[in-house]
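J.: Take the sequence shown: its letter number 2 is residue 10 in our numbering, and every next letter is one higher.
From the three backbone atoms N, C-alpha and C, an ideal C-beta is built for every residue, glycine too.
None of the values given here were measured: they were computed from a predicted structure.
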Amino acid sequence: MKVLITGGAGFIGSTIASAFAERGITPVVLDSLITGRQEFTEGKIFYQGDIGDGVLVDQIFQAHPDIAVTVHCAALIVVPDSMTDPERYYRVNLTKTLDLAGHLLRNGCERMIFASTAGMYRPEPDLSVSETSALDPQNPYTRSKMMAELLLEDLSRAHGLRVISLRYLNPIGADPRLRTGLQNSKPTHALGKMIESYENGVAFTITGTGWDTRDGTAIRDYIHVWDIARAFCEAAARFDAIVPPVQPAGRTGYEVVNLGTGDGTTVRELVTAFREVVGDGFQAVDAPARPGDVVGAFVRPDKAWELLGWKPEYTIEDAIRHSLQWAERRRRSAA
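(1) Using only alpha-carbon positions, find the residue among Thr196, Asp326, Pro309 that is nearest to Lys319.
(2) Taking the C-alpha atoms as reference points, what is the distance between Lys52 and Gly261?
(3) Using the beta-carbon count (16 or more within 10 Å), is Glu118 buried or exposed?
(4) So, at 7 Å on beta carbons, what are the nonlocal neighbours of Ala292 in its own chain, with the 5 sequence-adjacent residues on each side left out?
(5) What residues in its chain sit with their C-beta under 7 Å from that of Pro184, if we drop five residues either side in the sequence?
(6) Could you tell me which whole beta strand (DSSP E) segments of length 3 or greater appear in the region 255 to 298?
(7) Tell me, to the nearest whole angstrom, how far the beta carbon of Pro179 is from that of Ile250; I am working on the premise that it is less than 8 Å.
(8) With a CB to CB cut of under 6 Å and the five nearest residues on each side skipped, what residues in its chain are close to Gly189?
(9) Jot down the residue ranges of each uninterrupted alpha helix (DSSP H) in the region 54 to 89, minimum 4 residues, whole runs only, in chain order.
(10) How many whole angstroms separate the CB atoms of Tyr206 and Val275, which I take to be in contact at a CB cut-off of 8 Å?
(11) Do you know offhand how far Val216's Cα is from Ala71's?
(12) Within its chain, find whatever has a CB closer than 8 Å to the CB of Leu41; leave out the 5 residues flanking it on each side and keep chain order.
(13) Based on DSSP bridge pairs, tell me the residues matched to Leu159.
(14) Can you give me the C-alpha to C-alpha distance between Leu12 and Ser22, rounded to a whole angstrom?
(15) Please confirm whether Ala82 and Thr14 have their CB atoms less than 8 Å apart.
(16) Comparing C-alpha positions only, which one of Asp134, His167, Glu242 sits nearest to Gly304?
(17) Let me know the secondary structure DSSP gives Ala126 once reduced to three states.
(18) Could you give the distance in angstroms between the alpha-carbon of Ile227 and the alpha-carbon of Ala126?
(19) Taking contact to mean at least 3 C-beta pairs separated by less than 8 Å, is the region 139 to 159 in contact with the region 110 to 117?
(20) Using only CA atoms, which one of Asp61, Glu284, Ile20, Gly60 lies nearest to Gly44?
(21) Since Phe282 and Met202 are thought to touch, with beta carbons under 8 Å apart, how far apart are those beta carbons, to the nearest angstrom?
(22) What number of angstroms, rounded off, separates the C-alpha of Val63 from the C-alpha of Pro299?
(23) Express the C-alpha separation of Glu47 and Ala342 in angstroms, rounding to a whole number.
(24) From what residue to what residue does the alpha helix (DSSP H) around Arg337 run?
(25) How big is the Cα-Cα spacing for Gly272 and Gln67?
(26) So if DSSP puts Ser136 in a beta bridge, which residue, or which two residues, is it bridged to?
(27) Quick check on DSSP: helix, strand or coil for Lys344?
(28) Measure the beta-carbon distance from Phe240 to Leu174 and round it to whole angstroms, keeping in mind my assumption that it falls under 8 Å.
(29) Out of Val137, Ile236, Leu332, Val65, which one is the CA nearest neighbour of Asp107?
(30) How far does the alpha helix (DSSP H) with Thr34 in it reach, from first residue to last?
(31) Over what stretch of residues does the beta strand (DSSP E) that includes Asn101 continue unbroken?
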């Protein structure tokens, strides 16, 4: 059995590819390498190109007719960039997803697992989100992912495409075997900023301490990237049970499953976990919230446990440790 992974040379996609390979399933990687890294494809079947290139997708299926499912990770994902160049985000995340779906159906591949975002939800009063939470995307990135899901659901209704959409928030860490990790040497999320502060020997700034959370600091739902990869493997293994080939009356071949921790991690809790890994000498200082800062949200993963048998296995400390190890490996390779 083989699985086609679009965006399989990126942070998430490459980790998913390694997880499938460890289970004896051969990943076939399709990536333009605009943001992906060539070295993340080493040892894998790799095609460099665009998901909208129908001729290339046809060639892939002609060479690998045993591809059973497509994992669609290819996307642009940087929220600030989406604000300054929304056209590019809609073209890549929406239009090319439509193109890809047509290419897949033409080649008889009706199973897709879509890498999506729980950032499209409006948080409940307790800051949680579930599959039944209202959709309220706040930027072109999350809107483009929501719109891509709507079109995929319509295709499932009209043309028999079957889709499992996995929505999550904040992937961190690295492949535990350090085969892959974040491409960006200076990530903008809180953990990336902590690592940068630690490496430079300066205090980390906690921006905003008056939020309505358990300790006043913003909350995020950090998940180890390997746990995310495991969820994709489980979705593939259970695909036909979750989205049967023949749907009951009134249902489409589309299923949404959220991945999360169930309680999230506040910034102050992240600082505490970071100290558990690097030592008590790591300093943090409080500061006012910045314009545009948000309190955040966390995901309720009950449905993931029910349908996928999935819960996160790695701790936040594990993710910090692997992130630091990956950062050190990047430094050594760049030296």
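T.: Once the coordinates are examined:
(1) Considering only Thr196, Asp326, Pro309, the residue with the shortest C-alpha distance to Lys319 is Pro309.
(2) Computed Cα separation, rounded: 30 Å.
(3) Around the Cβ of Glu118, a 10 Å sphere holds 16 or more other Cβ atoms; the residue is buried.
(4) For Ala292, where only same-chain residues beyond five positions count, the Cβ hits under 7 Å are Ala211, Phe212, Ile214, Val279.
(5) Exclusion of the five residues before and after Pro184 leaves Trp234, His330 as the residues of its chain whose Cβ lies within less than 7 Å of its Cβ.
(6) Within the region 255 to 298, the complete beta strand (DSSP E) runs of at least 3 residues fall at 262 to 266, 292 to 295.
(7) Wrong, their Cβ atoms sit about 22 Å apart, outside the cutoff.
(8) Taken in chain order, the residues that qualify are Ala182, Trp334.
(9) Counting only runs of at least 4 residues, the region 54 to 89 fully encloses the following alpha helix (DSSP H) elements, listed from N- to C-terminal order: 62 to 71.
(10) Here Tyr206 is actually not in contact with Val275; their C-beta atoms are around 15 Å apart, not less than 8 Å.
(11) Contrary to the premise, residue 216 reads as Gly rather than Val in this sequence. Between Gly216 and Ala71, the C-alpha separation is close to 53 Å.
(12) Only Ala17, Gln56 meet the Cβ criterion.
(13) Beta-bridge partners assigned by DSSP to Leu159: none are found.
(14) C-alpha separation (whole angstroms): 12 Å.
(15) For the pair Ala82 and Thr14, the CB atoms are nearer than the 8 Å cut-off.
(16) Looking at the Cα atoms, Asp134 is the closest of the given residues.
(17) In the structure shown, Ala126 sits in a helix (DSSP, three-state: H, G or I).
(18) About 14 Å.
(19) Too few Cβ pairs lie closer than 8 Å, so no.
(20) Nearest C-alpha to Gly44: Ile20.
(21) Yes, they are in contact, since the Cβ atoms of Phe282 and Met202 sit about 5 Å apart, within 8 Å.
(22) When rounded, the distance between both Cα atoms is 46 Å.
(23) Roughly 14 Å between the two C-alpha positions.
(24) Segment 324 to 342, the alpha helix (DSSP H) holding Arg337.
(25) The alpha-carbon separation between Gly272 and Gln67 amounts to approximately 43 Å.
(26) Ser136 is bridged by DSSP to Phe306.
(27) Here the chain covers residues 9 to 343 and nothing more, so residue 344 does not appear.
(28) Between Leu174 and Phe240 the Cβ distance is about 7 Å, and since that is below 8 Å, they are a contact.
(29) Among Val137, Ile236, Leu332, Val65, the Cα nearest to that of Asp107 is on Val65.
(30) First-last for Thr34: 34 to 39, but that is the beta strand (DSSP E), not the alpha helix (DSSP H).
(31) No beta strand (DSSP E) holds Asn101; DSSP gives it neither H nor E.
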